[in-house]
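Notes to accompany the following structure.
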Ligand SMILES: [Zn+2]
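In our numbering, the protein residues as written are -15 to 230.
Quick look at the structure:
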């Protein structure tokens, strides 16, 4: 966790309700335990998530907000912002970028966590690709430069420099966080997403979900020969160089 020692404020940008929990809830729990502030920004309302045919879109939308709030509370998140874009409808466009820039200027994070938009060897959901891409652009240079989306500045916000972006779901991780002591908290956070758990072998086999999460974290650790049992991994993307050079 030394890498994250200087961080005081972190923002997590997740494509759907439950992505933050899989990607970084252990790291978030560690940050909040250490007294840091963490904010969640959830891009879509998840109204098409899950394979349960009894669910309607509007039920899912409301239910998944409540689940996401409970999941965030379990790891000590200060605030959850729902951008409320439709599931599967994210675009690399002004609406999405403007919304992210506004939250960055309002919440003033030192670092931003999001999903890696660049993967070559396995499938990446379109909403995840859009979220990663638009987050990078929103972070730099749009959030910094006052002439982009000047309505924020006119409303009293300042341009803001984010120092680093941490990508989860990456093929080339270079940061590994020991989440052994917060693994139970990560699982509790994931369990809050009740409408999605049916996809993960609940019912007759209620341990499957938890086992899968533990297995994934253990695999990260063994693949990279780490000294701890459970890990979350990230690709660190520095922004400071960019804003110092321009
Ligand atoms: Zn997702």
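Even for Gly, the Cβ is constructed at its ideal location relative to N, Cα and C.
This structure is a prediction, so every number in the text was calculated from the model and none was measured.
With at least 16 other beta carbons inside 10 angstroms of its own, residue 81 counts as buried. Distance from the C-beta of residue 111 to the nearest heavy atom of ligand 1 is below 7 angstroms. Going down the chain, each residue whose beta-carbon is closer than 5 angstroms to a heavy atom of ligand 1 shows up: -1, 0, 3.
Under the Cβ criterion (8 angstroms, minimum of three pairs), the segment 152 to 160 counts as touching the segment 94 to 112.
In the DSSP assignment, residue 63 is bridged to 23. Per DSSP, the beta-bridge partners of residue 222 are 148. Contact fails between the segment 115 to 125 and the segment 57 to 67, because fewer than three Cβ pairs, one in each stretch, are under 8 angstroms apart.
Look at residue 215 here: in three-state DSSP terms it is strand. Nearest C-alpha to residue 210 among 219, 164, 222: 164.
With respect to the C-alpha of residue 160, the residue from 215, -7, 141 having the closest C-alpha is 215. Straight-line spacing of the CA atoms in residue 227 and residue 193 works out to 42 angstroms. Going by beta carbons, residue -6 and residue 94 fall inside the 8 angstroms limit. Here residue 28 carries a strand assignment [DSSP, helix/strand/coil]. Along the segment 116 to 176, the beta strand (DSSP E) occurs as fully enclosed runs of 3 or more residues at 148 to 152, 159 to 162, listed in sequence order. Straight across, the Cα-Cα distance linking residue 137 with residue 131 is about 8 angstroms.
Residue environment analysis places residue 20 among the buried positions, since at least 16 neighbouring C-beta atoms fall within 10 angstroms of its C-beta.
Bounds of any beta strand (DSSP E) do not take in residue 103, whose DSSP letter is neither H nor E. Inclusion of residue 1 and residue 109 in the CB contact set at 8 angstroms is not warranted, their separation being larger than that value. In this structure, residue 27 places its C-beta atom within 8 angstroms of the C-beta atom of residue 74.
Each residue's CA atom was taken as its position, placing residue 42 and residue 112 some 22 angstroms apart. Comparing alpha carbon positions, the residue from 140, 201, -9, 87 closest to residue 171 is 201. If you look at residue 18, you'll find it isn't in any alpha helix (DSSP H); DSSP assigns it neither H nor E. In this structure, residue 156 lies away from residue 224, with their beta-carbon atoms at least 8 angstroms apart.
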